[in-house]
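Heads up: the structure comes next, in structure tokens.
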Amino acid sequence: MSIVVSVIAFLIIFSLIIFVHELGHFMAAKKGGIEVQEFGFGMPPRIFGKKVGGTVYSVNWIPFGGFVRMLGEDPSDPNAKKSKKSFSNRPLRVRIAVAIAGVVMNLLLAFVCLTIGFWVGIEPLIVTSDDFMNAVRNGNVEMGYEELAEGDAAYLVALPRVAVYGVDPGSMAEVSGFMAGDVILEIDGEQFFYLSEYDSLNAGSPSQYEVWRDGEVVSIESAADAAQNAVVSYVILGSPAEDAGLEPGDLILKLQGEAIYSASDVFDITNGVEDQVLQYVVQRGSEVVTFDIARGDDGYVGIYVGNVDFGNDTGLSLYDTSLDTVVYGVQPVKYGLLGAPKESIKEIYRLSLLTAGMIKDLAGDLVSHGEVPKGVAGPVGIAQMTHVFVQEGLASVIRFIAILSLSLAVFNIIPFPALDGGRLAFLLFEAITGHKPNPRLEMALHGLGFMLLMLLLIAVTFNDVANLFAW
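In terms of the working numbering, the sequence shown is numbered consecutively and its last residue is 478.
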């Protein structure tokens, strides 16, 4: 797809988002009885305009968004103080509604796009590392590169993993087949990422491990007796068990051919089979001994069984590491007519928090380091992303519009001069104190805020261009 088409798509998408934002201000102003002097599509200079109902509807040369010009926005305008239709003379609730209407419209656009996207099926939106880890944990992970073909899109990520540092000689780990350098991928089918998860995943019955060794996935079954803890605690005098030779301290490995891991297993098997002769396989010291014991008249062999705690000393020394993993496929998510709107609201909430956190990090880097983080994109960077999303198809474009619209909403509500959030802050000050802020001071702060935002835009654009040409 040509660059020209991508540029046109970028202008249309970005203009749509800005236009919807300004449309919100326009509709709220009209409904609130404020005189809207001009509603423009694109930015001046003007191509043409037509006055309808006191408002000039214009089309402008710079195809970038739009604007709303209301009476009373400029307090120095002599007509602003006299007219009842002036923004500054309308009730406070009306002015607040106008201030937030653009943000509301952007949220609504994001909601509509997400609902349509979730209905037809879209790939998951921007996620945090935790979200990604949960997706990997619950999904299908293929180790290796044999399914990749030339030209396939792939992402290389370093997933946290746990590696084997050492294996104690003679330990159950050595018997099982673990080797130093093994990277543990799964325990009993559960993805394994952090050392802190080991005890919970390794608890209970013997575990099936998947490890990465020398470029291959190797399956290892933990030695059975590493988790077996049913021990003969007492043998009744004169019982069939005593006659057969069972002794206190014998570790029960099997009963009727079934592996035993706890005292409850012995009870369940004894009561679950009708065989008159029960076969016990026990470990006594370093020996494994088999006993065939006939039941007594009461149906039992005459032993008490308890659980012994061997701890987690399996002979493995582990440490946290990472493993380069290729992600070459992300499944789209799809919901029904009722589920799509509900999921959209959840995504808007989640992505709003994520965007707010990114903006906070941006502000922190600007203050502490005086530079724009690499992950922040301006118009040039967004144009590059548009090229990628347009190539992927309509569903990706819908997702992209939702992300941009939501990002604009969150950014605009920040209480910073020149932004909607800054204007809202002055209105809330008026609501709390009962006094309007000094008009000259407010205009000066908005002007200063606008200059700072322009400087930020220039810095971000410089970064975008530098990244584009790999300076």
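All C-beta atoms in this analysis are idealised placements derived from N, C-alpha and C, irrespective of residue type, glycine included.
Quick caveat, the model's predicted, so the values are computed rather than measured.
Glu-249 sits in a helix when the DSSP states are folded into three classes.
Contact check between the stretch 381 to 400 and the stretch 419 to 436: fewer than three CB pairs, one atom from each, fall below 8 Å, which does not count as touching. When secondary structure is reduced to three states using DSSP, Gln-398 falls in the helix class. Within the model, the alpha-carbon separation for Glu-42 versus Gly-124 is close to 37 Å. With contact defined as three or more Cβ pairs closer than 8 Å, the stretch 113 to 124 and the stretch 399 to 418 are in contact.
Taking a cut-off of 8 Å for Cβ pairs, the stretch 250 to 258 and the stretch 216 to 223 do not touch, as fewer than three such pairs fall below it. Excluding sequence positions up to five before and after Val-296, its CB lies within less than 6 Å of the CB of Val-289, all in the same chain and listed in chain order. Contact annotation: Arg-302 and Gln-283 have beta-carbon atoms nearer than 7 Å. Annotation for Ala-16: Thr-393, Val-397 place their beta carbon closer than 7 Å to its own, counting only its chain and skipping 5 residues before and after.
Val-105 sits close to Ala-36, with the two beta carbons spaced by under 7 Å. When DSSP states are grouped into helix, strand and coil, Glu-294 belongs to the strand group. With a contact defined as Cβ atoms closer than 8 Å, Val-312 and Ala-270 qualify at about 4 Å. Residues of the same chain with a CB within less than 7 Å of the CB of Ser-214, apart from the 5 flanking positions on each side, are Ile-194, Asp-195, Ser-229 in chain order.
The criterion of a C-beta distance shorter than 7 Å is satisfied by Gly-322 and Ala-180. When DSSP states are grouped into helix, strand and coil, Asn-236 belongs to the coil group. Here the stretch 412 to 421 makes contact with the stretch 353 to 360; the two share three or more CB pairs at distances below 8 Å.
The C-beta distance from Val-66 to Phe-55 rounds to 6 Å, short enough to fall under 8 Å. Where Val-218 is concerned, the enclosing beta strand (DSSP E) starts and stops at 215 to 220. Around the Cβ of Asn-86, a 10 Å sphere holds fewer than 16 other Cβ atoms; the residue is exposed. The beta-carbon separation of Val-27 and Asn-113, rounded to 6 Å, stays under the 8 Å limit for a contact. Membership of Pro-70 in the beta strand (DSSP E) is indicated by the continuous run 62 to 77. Beta-bridge pairing by DSSP links Ile-227 to Tyr-216. By the criterion of a C-beta distance shorter than 7 Å, Ile-267 is surrounded in its chain by Gln-235, Ala-237, Ile-259, Leu-260, Lys-261, Val-273, once the five residues flanking it on both sides are discounted. If you look at Ile-15, you'll find it in the alpha helix (DSSP H) that goes 10 to 38.
Between Trp-219 and Val-239, the gap from beta carbon to beta carbon reaches 7 Å or more.
With a beta-carbon spacing of about 7 Å, Ile-421 and Ile-366 fall inside the 8 Å limit used to define contacts.
In this structure, Ile-310 is the residue among Asn-278, Asp-305, Ile-310, Met-461 with its C-alpha nearest to the C-alpha of Ala-251.
In this structure, the alpha-carbon of Val-59 lies about 15 Å from that of Met-77.
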